[in-house]
Amino acid sequence: MVEKGDFDKYLIERYNRQVKWYDEKSILNKKLADIFQISIIFLAAITPVLAALELKWPTIVSSSLIAAVSGIFRYCKFDELWHNYRTICETLRKEKNFYDFKMNDYEDANNPEKVFIERVEHFISQENTEWFSIVKKQKIEMT
């Protein structure tokens, strides 16, 4: 049986911090994904113009930047991380709503606080596993 004080402590020290962390990381990764994608689009659009104007060095620099920015974007996987972090953040928020309104698994639970903690930790563990698979895939792609 999870005591009320212990559950409140869990909400403050674990649950709320995790939701905040995933929310902030999803926002950051979305911004980075947008910056990199817009940069690639812009550089890809101006490179042929620079070439048509026979501007040798700006064309070389622009082409090199496209390669570098594309490579960094692919390596860092900002878009994939953004989606994963946003998904877990919203999953955790939804779970809290289920708990608050005694829906789904909480409707008939003898100890809804225990169920909540178990489910939240399961979701966080799943996300950590997903993150490790992204990092592992990154290393494989770079070799």
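Take any residue in the sequence shown, note its place counting from 1, add 6, and you have its number in the numbering used here.
Positions of the beta carbon are idealized from the N, C-alpha and C atoms, including for glycine.
Bear in mind the structure is a predicted one, so any value in this text is a computation, not a measurement.
Q: Below 6 angstroms CB to CB, which residues in the same chain sit around residue 111 once its five sequence neighbours on both sides are set aside?
A: 121
Q. Taking Cβ to Cβ, would you say residue 143 is nearer than 8 angstroms to residue 88?
A. no
**Q.** Contacts around residue 140, its chain only, beta-carbon distance under 8 angstroms, and the 5 residues preceding and following it disregarded
**A.** Leaving aside the five residues that flank residue 140 on each side, the residues in its chain whose CB is nearer than 8 angstroms to its CB run, in chain order, 83, 86, 87 and 90.
(Q) For residue 21 and residue 53, I'd like the C-alpha separation in whole angstroms. (A) Each residue's CA atom was taken as its position, placing residue 21 and residue 53 some 48 angstroms apart.
Q.
Short of 8 angstroms in beta carbon distance, which residues of its chain neighbour residue 5, apart from the five on each side in sequence? Order them along the chain.
A. Outside the modelled stretch of the chain, which goes from 7 to 149, sits residue 5, for which no answer is possible.
**Q.** Minimum length 4: unbroken alpha helix (DSSP H) runs contained in the segment 116-142
**A.** none
**Q.** Burial state of residue 55, where buried means 16 or more other Cβ atoms lie within 10 Å
**A.** When all chains shown are included, residue 55 counts as exposed.
Q) Which runs of the beta strand (DSSP E) fall wholly inside the segment 33-92 and span at least 3 residues, in chain order? A) The qualifying runs do not exist here; there are none.
Q) Taking Cβ to Cβ, would you say residue 124 is nearer than 8 angstroms to residue 94? A) no
**Q.** Sufficient close CB pairs (3 or more, under 8 angstroms) joining the segment 65-85 to the segment 36-49
**A.** yes
Q.
Considering only their Cβ atoms, is the gap separating residue 97 from residue 138 smaller than 8 angstroms?
A. no
Q) Is residue 14 helix, strand or coil when you go by DSSP? A) helix
Q. Taking C-beta to C-beta, are residue 79 and residue 42 nearer than 8 angstroms?
A. yes
Q. Going by beta carbon distance, what residues of the same chain come within less than 6 angstroms of residue 11, once the five residues before and after it are set aside?
A. If the five residues before and after residue 11 are omitted, its C-beta is found closer than 6 angstroms to no C-beta atom of its own chain.
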